[in-house]
Structure formats: C-alpha cells, structure tokens
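Order-wise, the sequence lines are chains A and B. The first sequence runs 20 to 204 under my numbering. The second sequence runs 20 to 204 under my numbering. Here a beta-carbon is modelled for each residue, glycine too, at the ideal position from N, C-alpha and C. The structure presented is a predicted model; accordingly, all values stated were derived computationally and were not measured.
Protein chains: 2
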Amino acid sequence: MPLIKTSKEEIIETALKVFRENGYYHTSMSDLAKACGLQKGSFYHYFDSKERIMDAVLSKVLHTLKEEAFPIADDKSLNDRERMQKLMLTIGKIMLQQNGGCIAANTSLETNGKEVMFRKTIKEIFLGWELALSKIFSNQFPEGTSKRMAEQAVMEFEGAVMLSQLHNNDQYLKDVFVRTLSKLR
Amino acid sequence: MPLIKTSKEEIIETALKVFRENGYYHTSMSDLAKACGLQKGSFYHYFDSKERIMDAVLSKVLHTLKEEAFPIADDKSLNDRERMQKLMLTIGKIMLQQNGGCIAANTSLETNGKEVMFRKTIKEIFLGWELALSKIFSNQFPEGTSKRMAEQAVMEFEGAVMLSQLHNNDQYLKDVFVRTLSKLR
DNA sequence: GTCTATATCAAGATAGAC
DNA sequence: GTCTATCTTGATATAGAC
Chain A
20 MPLIKTSKEE IIETALKVFR ENGYYHTSMS DLAKACGLQK GSFYHYFDSK
70 ERIMDAVLSK VLHTLKEEAF PIADDKSLND RERMQKLMLT IGKIMLQQNG
120 GCIAANTSLE TNGKEVMFRK TIKEIFLGWE LALSKIFSNQ FPEGTSKRMA
170 EQAVMEFEGA VMLSQLHNND QYLKDVFVRT LSKLR
Chain B
20 MPLIKTSKEE IIETALKVFR ENGYYHTSMS DLAKACGLQK GSFYHYFDSK
70 ERIMDAVLSK VLHTLKEEAF PIADDKSLND RERMQKLMLT IGKIMLQQNG
120 GCIAANTSLE TNGKEVMFRK TIKEIFLGWE LALSKIFSNQ FPEGTSKRMA
170 EQAVMEFEGA VMLSQLHNND QYLKDVFVRT LSKLR
C-alpha cells in the first residue's frame, strides 16, 4: 500500500485539469480523488466540498494571472504589439489546455444564476483581463475606445475557444490573435 | 408545418428552457418531468434518455433557425443592414432567454470531448449561422473577408452573451449588435 | 397516458481504524 | 495522511397498476 503524501497545491493543479476537461457539475469527487491518486475519503482531508475546490482552483488561476500575465501590460521593455502578443499567449497558457476549454468561461456559463462562492473570482478574472488589454490599447487609442476594444478582444477570444473546440480547428483562435494584434501599430 | 402542437412538442419546448437555465449535466430527469407537470415515470413515456431529449431540443432549435432565421439573409425586401439586424435579433430570440445563456454554446462547451449524439447538430447550427451572416457581408465585401467577418460576429456574440450574464449587464451584447451592424453601409 | 413503486447505481459527505 | 466502510441523497431507468 503506497503512502505518498500529497500537497494541497498539487491537488489544486490536478483539479484544475479535471474541471477544465469535464466541467464543474460533470466532475465528481471520485473523479478528482482518482486523478490525485487518492481514495475519496482521503480527498476530504484536503477539501470538504466540491465548491471549495473550485473556489481554490479559480483563486489560484486569478493569482497566477496577476503574477504572470497582467503585469505584461506594463512591461516597459516591450512595444505595444509585443506586449499584446505576450499577454495573449500567457493568458492562453494559464486558462486553456490542449483539448479542454477555458476554465473561467466554462465555469461561468455552467454556474450562471447559481449561488456558488466563486462567481466573484470569475468576475475578477475577466475584469483584470479587460483592464490589462485596455492599458495596452490606451497607448494608441482614446480611453473609451480602448476599453471597448479590450472587451471586444476578450469576447472574440472566448468565442474562438468555443468554435475551435467544436470544429476541432485552431484556425478560429489563430485568426483572433492576428486580428487583435493587427489593431496595434 | 404542424398546426397542432403534440405533447412531445410541448415537452421539447419546456426542456429547452430548463436546459438553457441549468445546463445539460446539471439538469435531471426529475427537473424536466417536474417542469412539464409530469411524474418522472410518465416522462419516460416520451423520451427514454436525457441524451435523446437534448438531441430533440437541439434539432428543434436548428429547424427553427432554418425556418425563421437563416432565410432572412436572402430577404430581398430588406437592405443589408436591415437583414443583419433582423437576423441577429431573430437568432437571439431563438437561442437566448431572459437570464439563461445560449443553448448551443453552453451545450457545446459542456459536452466538449464527450461522445453525445447531438454534437453534429450543434456544428450545423453554428455553420448555418456563419453562412447566413457571410451571405450578407458578401454583398459588400470579398468572399474570404466576408467569411471571416461572419466568424468574428459569431465569436463576439457568444463572448458577449457570456460577459453579459457574468456581470448582469446587457451592454456587452448591445455593443456587439451595434459594432456588427456598423460594418455595413 | 399517467401514476406509484421500486431497482440500481453514483454522488456528496462522514466516521473511525491504521 | 490515507484507508475502508458507511450513510444519505439524488440520479437514471423500469415495472406494472389504473
């Protein structure tokens, strides 16, 4: 019988992948436990409900975005196009996965209208994302315009993730990257 | 075109609303039965599995789009802007709901990577939608351009639905309507 | 066509041994 | 910290009476 200690951090990382692959409601505590190499009972030692795991997962995602992605908008060593490209790629790396979708968008849509503790975290994720994009746009466009361009970029990105998955074709996402970049000189 | 709604038709209409509100996996057969004013056992008289109900729901949505929405792109009595406006509003009426999301996008994301019978119907919905939009754009833009503009409009629409729900603010969706319309003269 | 009753299984969650 | 065992509830689905 293996007695391998697991850390809460590792569980959150694994749970992120499982949730992204199967969605919130379609993922069971057994699924999460199994993916972590634990029995269901052991899993409750770390998290006492599914809601709290997702809360931890999304808080981790937000934290990572704040650490690694959003500051790119202020990186003085890059020009606007370079910032935008690096920002979009980094956000993609954090939020997306080979064949899973966007953890933030999927969870938002699934839990729309439900009373779950992590909705405020999802809002923060998208507001932070919009703010970072609009900072870059605001170097070349007026305030109101740059805000709407940022919102538009986020919407296109999420729509593209959906269509790319549905048709199993990266082109939708690639087009959005090119289109968003091409708005900057 | 059926003049009299059968019971099965009514169930499909009700199921559409429930699925749109609660999602595919988070909706139970009990939920559907209750919403139809039936006992669970009675419900199985009409549909013997949840998958078949969703299949019927999405087929009905596709059929309605083909009958009522997509032909607007060919309506000779309207100019391009009028066609676009009427098309977008009609698609919104069929696919969206007060506070529920887009049945096609939500179901697509939830069942991504799963083997369910209705994925091909979802693909048809989005391909039909893109085609209708690109028909209108192609009156004023070259072929390749109009195709990408149509894809972009769909992506923005779906992203806007997500953000409008998340922040409980219609403005995202309204902006997309205005922006898409403004591309036409 | 609708109901009640029930079988079967999975889910969320807890208790207690080691 | 991990396990097995168990509780409770809810889910899918079927059987059979009216």
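Reduced DSSP category for residue i - H, G, I as helix; E, B as strand; rest coil
{"i": "Arg204 (chain B)", "result": "coil"}
{"i": "Thr25 (chain A)", "result": "coil"}
{"i": "Tyr191 (chain A)", "result": "helix"}
{"i": "Met136 (chain A)", "result": "coil"}
{"i": "Gly42 (chain B)", "result": "coil"}
{"i": "Pro161 (chain B)", "result": "coil"}
{"i": "Ser127 (chain A)", "result": "helix"}
{"i": "Gly178 (chain B)", "result": "helix"}
{"i": "Asp94 (chain A)", "result": "coil"}
{"i": "Gln184 (chain B)", "result": "helix"}
{"i": "Phe89 (chain B)", "result": "helix"}
{"i": "Phe145 (chain A)", "result": "helix"}
{"i": "Phe66 (chain B)", "result": "coil"}
{"i": "Gln171 (chain B)", "result": "helix"}
Alpha carbon of residue i to alpha carbon of residue j, nearest angstrom
{"i": "Leu185 (chain B)", "j": "Asn131 (chain A)", "result": "7 angstroms"}
{"i": "Arg102 (chain B)", "j": "Met174 (chain B)", "result": "19 angstroms"}
{"i": "Thr164 (chain A)", "j": "Lys202 (chain B)", "result": "16 angstroms"}
{"i": "Phe66 (chain A)", "j": "Arg204 (chain A)", "result": "48 angstroms"}
{"i": "Pro161 (chain A)", "j": "Gln171 (chain A)", "result": "15 angstroms"}
{"i": "Met114 (chain B)", "j": "Leu97 (chain A)", "result": "42 angstroms"}
{"i": "Ile280 (chain A)", "j": "Val80 (chain A)", "result": "Shown here, chain A extends from 20 to 204; a query on residue 280 (chain A) therefore has no answer."}
{"i": "Asp93 (chain B)", "j": "Leu146 (chain B)", "result": "16 angstroms"}
{"i": "Tyr44 (chain A)", "j": "His45 (chain B)", "result": "6 angstroms"}
{"i": "Ile155 (chain B)", "j": "Ile110 (chain B)", "result": "15 angstroms"}
{"i": "Ile31 (chain B)", "j": "Ser68 (chain B)", "result": "13 angstroms"}
{"i": "Cys55 (chain A)", "j": "Gln117 (chain A)", "result": "20 angstroms"}
{"i": "Ala123 (chain B)", "j": "Ser153 (chain A)", "result": "30 angstroms"}
Where the alpha helix (DSSP H) containing residue i begins and where it ends
{"i": "His82 (chain A)", "result": "69-83"}
{"i": "Gln104 (chain A)", "result": "99-114"}
{"i": "Ser47 (chain B)", "result": "Taken as a continuous stretch (DSSP letters only), Ser47 (chain B) belongs to no alpha helix (DSSP H), as it is neither H nor E."}
{"i": "Gly60 (chain A)", "result": "59-62"}
Identity of the residue in the options nearest residue i by Cα
{"i": "Ala88 (chain A)", "options": "A:Phe160, A:Ser96, A:Glu28, A:Ala151", "result": "A:Ala151"}
{"i": "Glu28 (chain A)", "options": "A:Gly60, A:Asp93, A:Met73, A:Ser49", "result": "A:Met73"}
{"i": "Leu77 (chain B)", "options": "B:Ser153, B:Cys121, B:Met48, B:Asp94", "result": "B:Cys121"}
{"i": "Asn41 (chain B)", "options": "B:Gly119, B:Leu81, B:Asn158, B:Leu108", "result": "B:Gly119"}
{"i": "Asp194 (chain B)", "options": "B:Ile30, B:Met107, B:Thr33, B:Leu51", "result": "B:Met107"}
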